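To convert, note that position 28 of the sequence shown is 85 in the working numbering; the numbers rise steadily by one, no gaps.
Glycine included, each C-beta is placed from N, C-alpha and C at the ideal position.
Quick caveat: nothing in here was measured; it's all calculated off a predicted structure.
Down below is the structure, laid out as structure tokens.
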Amino acid sequence: MMGALVIVLAAGYGAAAGLLLPRPAYRLSVPPGDPWRGSCPQGHRLAGWPGPARCLPGAEPPGPPHGYGRPAVPLAVLTAGVCALLAATVGARPELVAYAGLAPLFVLLALVDRAVHRLPDVLTLPLAAAVAALLGAAALAPGSAGSWRLALLGGGALGAAYLLLHLINPAGMGFGDVKLALSLGVALGWYGWGVWAAGAFLGLLYGALHGLFLVLRGSERGRQGYAFGPFMAAGALTGVLLGGFGA
């Protein structure tokens with residue numbers, strides 16, 4: 058009964074958070090060096106960050122209500138599903154607060170990276186600190202099933218591995234991926250090196266399979282490069298699900 062309640066609460070939180078993602082995804086999806094968007098395509102000034110991508114009557118300058126960016130409902134379904142999966146595998150353990158609580162931000166990063174091939178520092182660096190801090194708090198609470206020391210080591214190790222890949226091939230692996238790897242490595246390291254290795258490998262595998270699919274299909278994106286952050290996040294999510302289930 059308790060497990061079902063946790064899943065429902067996590068799904069509800071994910072759905073509510075997903076409804077707030079379209080506006081920040083739109084505002085942050087700009088090329089490197091450009092300022093964050095402050096207005097919608099119709100020129101209406103955007104007030105605040107979280108919220109749906111829809112201008113309502115009364116916006117300045119005046120105009121009819123209209124939507125822009127990504128629709129909110131699919132994002133709500135996606136984040137609800139991710140949070141529910143985390144709750145179903147991690148269970149009512151303290152680390153669930155870190156994993157489910159920060160999952161919408163990883164979804165937001167994936168959206169921005171997919172749109173403009175960019176992982177903004179305003180998200181990646183605070184997210185790495187937040188994952189470490191929340192898992193550190195979870196380690197102090199009774200009932201946790203991981204190791205904060207291994208989590209920190211995992212973050213450093215995955216960050217170093219992606220830094221090496223970036224130095225070998227800067228065009229194929231951006232520095233934003235290196236910074237994202239810090240938070241993903243912390244999340245994976247919590248459950249041990251086996252989960253860390255599985256999540257890190259699956260992220261590379263998912264990205265490589267997508268690249269191979271694009272090349273075989275004859276798509277120009279396969280030759281010009283594609284956003285790797287979403288596949289890193291998907292691999293880490295798979296690893297955390299395996300770790301939570303095993304714990």
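With 16 as the cutoff for other CB atoms within 10 Å, does residue i come out buried or exposed?
| i | result |
| --- | --- |
| leucine 62 | exposed |
| alanine 186 | exposed |
| aspartate 234 | buried |
| proline 81 | buried |
| aspartate 91 | exposed |
| tryptophan 205 | buried |
| tryptophan 250 | exposed |
| proline 131 | exposed |
| alanine 198 | exposed |
| glycine 231 | buried |
| alanine 265 | exposed |
| proline 106 | One detail in the question is off: residue 106 reads as tryptophan in this sequence, not proline. Answer is exposed; the Cβ neighbour count stays below 16. |
| aspartate 178 | exposed |
| phenylalanine 270 | exposed |
| glycine 246 | buried |
| leucine 191 | buried |
| arginine 274 | exposed |
| isoleucine 225 | exposed |
Assuming residue i and residue j make a contact with CB atoms under 8 Å, what is their CB distance in whole Å?
| i | j | result |
| --- | --- | --- |
| glycine 71 | alanine 157 | 7 Å |
| glycine 51 | alanine 228 | Because the chain is modelled from 58 through 304, residue 51 falls outside the range shown and cannot be assessed. |
| glycine 148 | glycine 60 | 6 Å |
| valine 243 | valine 188 | 5 Å |
| proline 128 | alanine 195 | Rounded, the Cβ-Cβ distance is 34 Å, inconsistent with contact. |
| glycine 75 | threonine 136 | 3 Å |
| leucine 166 | leucine 239 | Wrong, their Cβ atoms sit about 12 Å apart, outside the cutoff. |
| tyrosine 263 | phenylalanine 302 | Between phenylalanine 302 and tyrosine 263 the Cβ distance is about 19 Å, and since that is not below 8 Å, they are no contact. |
| leucine 103 | arginine 84 | 6 Å |
Quick check on DSSP: helix, strand or coil for residue i?
| i | result |
| --- | --- |
| arginine 102 | strand |
| serine 240 | helix |
| aspartate 170 | helix |
| alanine 155 | helix |
| proline 227 | coil |
| arginine 150 | coil |
| glycine 71 | helix |
| tyrosine 219 | helix |
| aspartate 91 | coil |
| glycine 282 | coil |
Could you tell me which residues DSSP puts in a beta bridge with residue i?
| i | result |
| --- | --- |
| serine 201 | DSSP, once it has assigned bridges, lists no residue as partnering serine 201. |
| serine 96 | Arg102 |
| glycine 124 | Arg111 |
By the DSSP assignment, the alpha helix (DSSP H) with residue i in it spans what residues?
| i | result |
| --- | --- |
| tryptophan 253 | 250 to 274 |
| tyrosine 83 | 79 to 85 |
| alanine 133 | 129 to 147 |
| leucine 176 | Unbroken run through leucine 176: none, as it is neither H nor E. |
| alanine 291 | 286 to 303 |
Measure from the C-beta of residue i to each C-beta in chain D and report whether the shortest distance is under 9 Å.
| i | result |
| --- | --- |
| leucine 135 | Given the protein chain composition of this structure (a single chain), no chain D is represented. |
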